[in-house]
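Below is one structure, written out as structure tokens; the observations come after it.
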Amino acid sequence: MNTDKSSTQDVSRRKFLKTGTIGVGMTSLSLAACGASNASSEAGKSQAGEKTETTSSTSGSQTQNKGKSETSSKASAYDYIVIGGGTAGPVLAARLSENPEVSVLILEAGRENTFEYSEYANGVGKMWGPATNWGFKSAPQSELNNREVNQPRGKVLGGSAAINVGSWSRGTQSNYESWDIPGWDWPTLLSLFKKIENAPDSDAAFRGQDGPMRLEETPAGTEMTEVMRQAAIQAGVGETPDRNAKNPIGFEIWETIFPNGRRWNTEHAYLRPARSRSNLQVETQALVTKINFDGKRANSVSYTQGNETHTIEATKEILLCAGAINSPQILMLSGVGPEDHLREHGIEVVENVPSIGANLSDHMRIDFGALTPKGVGETIFSDASDPKQLEQWRSGHYGPLTVAENTAAAFLKSDESVAHPDIEIMYSINPPYSMRGKDFAGRAGWYFNVGLVQPKSKGSVRLQSSDPKDLAIYDPAYLSDPEDLKTYIKGTRIALSHVKTKALSAYTDMSTLSLSPDATDAELEDHIRKTAESIYHPVGSVKMGKLDDDSAPLDPQCRVKGVTGLRVVDASAIPSLVSGHTMAPTILVAERVAEFMKEG
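The opening residue of the sequence shown carries number 168 in my numbering; numbering runs sequentially from there.
In structure tokens form, the structure reads like this:
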């Protein structure tokens, strides 16, 4: 039965809605678990400066302890300066400041996260405006019909994990073993993941039970999640009870960082508890312009804050945690990078490191979907302007605001011969965006995102100019390796095979299907080139590696080769993409480097 009516019915995180589906047809926001799909216009409407900025008084333990901020007095020198308060920076700052004998400063270009809509999953699109999003666009992609591809990055405390839908997928054991870097063996990394995670319902042999990162299964939303589970099984994709445990292959409802329907990223889990410490200072809206050197030693950081320019000394180390695009940019602005490129922009070379800004990788996605036959299926649309939905969330229930339309995913191999799962299917329980609106009133539907998650293509980050305010040139070079297109076509065919299953065919009006399950290779290639977007997972642009690996700008402890007193600790240090999403491995990198630093 198709229902499309307003309701404040509770949405349990573990139970499917069998009747009385919540449907609010006025507005809807689809959120892929990797981020917010098609959310740019929503962000533009909702982020006019700071007028929508608010903090819920009902957030309980999540109410912010702002501690020290840019209005507090700051010292002229700190033992450690952490550049970036995104995903990795709060982890390092919290771990290092556990020692009361050292002083730590975080410099974050964005602001404090006082946006209430960041706290629920379906508020993410409103975080994509310029107040909290760097708003990168790629260089024109020659293999994608010269299109520029959006790459949102968080410009706020909490970073990109403050503007995403927070899926927790660590990747596979084989992903990490393929790094083959001393000190990064799988038993060590597994013990760290178990230290990080708080997933008490999981298998303790593989998962953490009481770590700082609180995890929870996302709400299933409607019957479509179960329909897709059955379709995945019937299509041969299979299912897994926990992709972060023994078996990463197959369908599973997403595990996310939204315990009790409220965001819990590293700012919540690590930084907020640490901000009461007298040895930790946090400065927001602080744009780093340069890391300064005394010879080959990084010894201070210059940044602007408002109309003022500051230079702060680091007596021990500088830890660059600005992300896969901004970290290589800051290094190059500081004279560390490919010397010819630096001289092209009039930058004095401190150390020639040609591999800085190279090796960039990112996950891609395409989509297809359909409406259900008339009278079949149900929808669940969120609408934060609906006071009933907002009050339901504020009062501690789940409700539509907590239901990301992409409720589940499957990682799989395009061919049994490949080393790692190389395809991801993300299952969404509402109609495709092109099939919403008055012409389709009352119709339910579904859509899939198909991701290429082990691409061979490598891109780059380069300077646009020597001005720190100019965004870097971000070029992921999608499909530049011809093997990627072949793999993507294989993976798309596996995803399309769901349409012919008994489970999904009953929920598919074939006349509305946006991509035929019998499409030729040429038709699939055309669809990919015309429509592919990012899953928002750039990594590897300042990768770590062995000491004798010239392609790695970082040593095994994430120290920049050729200089001293400087590490890069964020997604840019990850050598290659995992068969998962990138928040979990980024936290892993920060925790591991904190251990290295404490070991001395």
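Every residue, glycine too, gets a C-beta built ideally from N, C-alpha and C.
Asked: Three or more C-beta pairs below 8 angstroms linking the segment 487-504 and the segment 725-735; Found: yes
Asked: Proximal residues to T221 (C-beta, below 6 angstroms), its chain only, five neighbours per side dropped; Found: In this prediction, T221 has a pLDDT of 42, which is less than 50 and means its spatial position is unreliable; what the coordinates show is noted afterwards. Here the set comprises E283.
Asked: Neighbourhood of Q448 by C-beta, 8 angstroms cutoff - its chain only, sequence neighbours within 5 removed; Found: K235, S239, K241, A242, Y245, S270, V271, L272, I273
Asked: Separation of V455 from G277, as counted between CA atoms; Found: 11 angstroms
Asked: Whole-angstrom C-beta distance between P635 and G612, which should lie under 8 angstroms; Found: With a Cβ gap of about 45 angstroms, G612 and P635 do not count as contacting.
Asked: Meets three-Cβ-pair contact criterion under 8 angstroms: the segment 690-708 and the segment 517-530; Found: yes
Asked: Exposure label - S264; buried when at least 16 CB within 10 Å; Found: buried
Asked: Alpha helix (DSSP H) segment containing G277, residue limits; Found: Per DSSP, G277 belongs to no alpha helix (DSSP H) and is neither H nor E.
Asked: Extent of the continuous alpha helix (DSSP H) run through V735; Found: Per DSSP, V735 belongs to no alpha helix (DSSP H); it is in the beta strand (DSSP E), 733-735.
Asked: Minimum C-alpha distance to A399 - residue among A306, I592, Q340, W560; Found: I592
Asked: Nearest neighbour of D606, chosen from L538, N427, T281, A673 [CA to CA]; Found: L538
Asked: DSSP state of E220 mapped onto helix, strand, coil; Found: Confidence at E220 is low in this model, with a pLDDT of 42, below 50, so the placement of that residue is unreliable and no value is reported for it.
Asked: CA-to-CA distance, T569 to S624, given in whole angstroms; Found: 35 angstroms
Asked: G524 beta carbon less than 8 angstroms from that of I514; Found: no
Asked: Neighbourhood of D685 by C-beta, 8 angstroms cutoff - its chain only, sequence neighbours within 5 removed; Found: none
Asked: F418 - DSSP class collapsed to helix/strand/coil; Found: strand
Asked: Backbone CA spacing between T675 and G536 [nearest angstrom]; Found: 9 angstroms
Asked: Top-ranked residue by Cα proximity to Y594, from G618, G609, V249; Found: G618
Asked: Residue interval of the beta strand (DSSP E) (run including Y594); Found: 590-595
Asked: L714 classed as buried or exposed, judged by whether at least 16 other C-beta atoms fall within 10 angstroms; Found: exposed
Asked: Where A686 sits in the DSSP three-state scheme; Found: coil
Asked: For A481, the residue or residues it bridges with in DSSP; Found: Y245
Asked: Rounded separation between T471 and V706 - CA only; Found: 27 angstroms
Asked: Proximity of K710 and I754 at Cβ, strictly below 8 angstroms; Found: no
Asked: Whole-angstrom distance between R314 and L646, CA atom to CA atom; Found: 13 angstroms
Asked: Minimum C-alpha distance to S522 - residue among F418, G544, V628, L557; Found: V628
Asked: C-alpha distance - S207 paired with G767, whole-angstrom precision; Found: At S207, the pLDDT of 45 sits below 50, so the modelled position is not reliable; the number obtained from the coordinates is stated separately. Answer to the nearest angstrom: the Cα atoms are 45 angstroms apart.
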